[in-house]
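See structure below.
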Amino acid sequence: MAQALSELERELRALQMWSVEPPDARRLASGEPFCVDTLGFEEWLQWVFVQRMGDLVAQRGLLPGAAQLTPMGEQAFVHLGRRQQPLLLLLARIDQLSRQLT
Numbered sequence: 001m002a003q004a005l006s007e008l009e010r011e012l013r014a015l016q017m018w019s020v021e022p023p024d025a026r027r028l029a030s031g032e033p034f035c036v037d038t039l040g041f042e043e044w045l046q047w048v049f050v051q052r053m054g055d056l057v058a059q060r061g062l063l064p065g066a067a068q069l070t071p072m073g074e075q076a077f078v079h080l081g082r083r084q085q086p087l088l089l090l091l092a093r094i095d096q097l098s099r100q101l102t
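Quick note: the sequence shown, position 58, residue 58 per the UniProt record's numbering, numbers continuous.
Written out as structure tokens, the structure is:
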């Protein structure tokens with residue numbers, strides 16, 4: 001999982017969808033799935049998912065359950081056209097790994 005998270009970061013950076021500055025705390029505090037009311041999906045992946053999953057993997061903690069990132073990615077990244085394919089493949093891989101590790 002750690003390798004897949006690293007690859008996700010690389011792909012988001014390559015697509016120029018990786019931010020240097022974090023969103024403010026209010027935007028991160030959303031109670032909605034994927035923080036859809038306050039963050040773009042790429043922001044949620046960076047500032048919530050990658051960080052939390054990375055911490056769990058490093059601590060060898062239990063994963064919270066099977067991720068279902070691909071359907072959200074298909075909607076959120078449609079504007080990328082064909083460039084979304086490597087990103088969607090990574091999300092599908094993370095979904096599969098999360099099912100295996102829970």
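All C-beta atoms in this analysis are idealised placements derived from N, C-alpha and C, irrespective of residue type, glycine included.
So which of Arg60, Gln100 and Leu90 has the shortest CA-CA distance to Met72?
Leu90
Is Met53 helix, strand or coil by DSSP?
helix
Please name the residue, chosen from Gln46, Phe41, Ala2 and Ser30, that lies closest to Thr70 on a Cα-to-Cα basis.
Phe41
Mapping the DSSP letters down to three states, classify Leu39 as helix, strand or coil.
coil
Nonlocal neighbours in the same chain, by C-beta distance under 7 Å from Leu101, ignoring five residues either side
Met1 and Leu63
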